[in-house]
Amino acid sequence: MNQIDLSTVYRGYIACLNRQDWPALAQFVHDDVHYNGRQTGLSGYRAMLERDFKEIPDLHFDIELLVSDSHHVASRLAFACSPKGTFLGLAVNGKRVSFAENVFYRFRSDRIEQVWSVIDKAAIEAQL
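Residue numbers (the numbering used here): 238 to 365.
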């Protein structure tokens, strides 16, 4: 049986997000995906990402650190962007901020079925 290289799959997923190629998202994310313990399904997950790009027009995912095993990926994502209005309850109002997200994924076969995400809100607060 062939071993799936999840780090390669994950890099494809991040490229898909950065292209905003929403029809291709199903290649990387299960229909019954859970986000931070809540079942969102693929449609809810896609809606969340589309909203993020609407609220942060210059959003770009940069992989800073990536570790994977046979079923999991751990990643530290770096962002430098200008959220419109309020972001994470903070009045950013278009100011350029830099922050990181630590995110863990569990895969079923070659698609994401669980996502646990923590954004460094304190880093944003320190810049405002």
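Heads up, the beta-carbon is just placed ideally off N, CA and C, and yes, glycines get one too. Given the structure is predicted, the values throughout are model-derived calculations rather than measurements.
(message) Relative to the C-alpha of I356, which candidate in F336, S346, Q364 has its C-alpha closest?
(response) Mapped onto the sequence shown, residue 356 falls at position 119. The shortest Cα separation from I356 among F336, S346, Q364 belongs to F336.
(request) If I'm right that A317 touches R333 with Cβ under 8 Å, what's the distance once you round it to whole angstroms? (result) Mapped onto the sequence shown, residue 317 falls at position 80. Mapped onto the sequence shown, residue 333 falls at position 96. Sure, about 7 Å apart at Cβ, within 8 Å.
(request) Please go through the same chain and pick out, in chain order, the residues whose beta-carbon is closer than 7 Å to the beta-carbon of A359, but skip the five residues on each side of it. (result) Locating residue 359 in the sequence shown gives position 122, counting from the first residue. No residues qualify anywhere along the chain.
(message) Please report the straight-line C-alpha distance between L325 and L279, rounded to a whole angstrom.
(response) Looking up residue 325 in the sequence shown gives position 88. Looking up residue 279 in the sequence shown gives position 42. Looking at the two C-alpha atoms, the distance is approximately 22 Å.
(message) Please list the terminal residues of the continuous beta strand (DSSP E) segment that includes Q364.
(response) If you number the sequence shown from 1, residue 364 lands on position 127. From DSSP, Q364 is part of no beta strand (DSSP E) but of the alpha helix (DSSP H) over 358–364.
(request) To the nearest angstrom, report how far apart M238 and T245 are at their CA atoms. (result) Position 1 of the sequence shown, counting from 1, holds the residue named residue 238. Position 8 of the sequence shown, counting from 1, holds the residue named residue 245. In this prediction, M238 has a pLDDT of 36, which is less than 50 and means its spatial position is unreliable; what the coordinates show is noted afterwards. The C-alpha of T245 is placed about 18 Å away from the C-alpha of M238.
(message) Could you check whether I241 and L314 sit closer than 9 Å to each other, using their CB atoms as the reference points?
(response) The sequence position of residue 314 within the sequence shown is 77, counting from 1. The sequence position of residue 241 within the sequence shown is 4, counting from 1. Pairing L314 with I241 gives a Cβ-Cβ distance that is not under 9 Å.
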